[in-house]
Amino acid sequence: MPPELNNNQKKILIRLAERVKAVRKSKGLTLEEAGNKGGKDRQSVYRLEKGEYNPSIVYLIELCRGLEIDVSELLKDIDNDPL
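Counting from 23, one number per residue, gives the positions in the sequence shown under my numbering.
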């Protein structure tokens with residue numbers, strides 16, 4: 023079983039979740055459409071947007087390709103936000 027995340031790590035996942043959701047909504051996509059475009063299932067995108075899923079870098083790259091954004095855009099300054 024993976025180790026529990028500390029509070030700072032949880033906050034980073036919440037920021038990531040908010041960004042993914044904002045991008046998806048700005049493109050007018052449902053969870054299912056976003057998942058399909060990135061080769062992911064609706065449930066995993068939902069869990070990501072809730073901050074309940076710590077995705078791998080490969081997952082993020084594939085999802086970002088589907089959303090037609092660079093992963094660097096999604097992650098830009100994510101670790102510089104105040105915790």
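Idealized CB from N, CA, C, for every residue including glycine.
Everything numeric in this text was worked out from a predicted model, so none of it was measured.
#1: Where do the ends of the alpha helix (DSSP H) carrying K72 lie?
#2: Identify whether I79 lies in helix, strand or coil by the three-state DSSP scheme.
#3: Could you tell me the distance, in whole angstroms, from the CA atom of P77 to the CA atom of G50?
#4: At the level of alpha carbons, what is the spacing between E84 and G61?
#5: Just to confirm my understanding: we take A39, look at its own chain, exclude 5 residues before and 5 after, and list those with CB closer than 7 Å. What are they?
A quick look at the data gives this:
#1: Here residue 72 refers to the residue found at position 50 when the sequence shown is read from its first residue. That residue, K72, is in no alpha helix (DSSP H); it is neither H nor E in DSSP.
#2: Here residue 79 refers to the residue found at position 57 of the sequence shown. DSSP places I79 in helix when its eight states are reduced to three.
#3: By one-based count along the sequence shown, residue 77 stands at place 55. By one-based count along the sequence shown, residue 50 stands at place 28. If I take the Cα positions, the gap works out to 23 Å.
#4: Your numbering for residue 84 matches position 62 in the sequence shown. Your numbering for residue 61 matches position 39 in the sequence shown. Looking at the two C-alpha atoms, the distance is approximately 7 Å.
#5: As a first step, residue 39 must be located in the sequence shown, where it is residue number 17. Counting only Cβ-Cβ distances below 7 Å, and skipping sequence neighbours, we find L70, E71, K72, G73.
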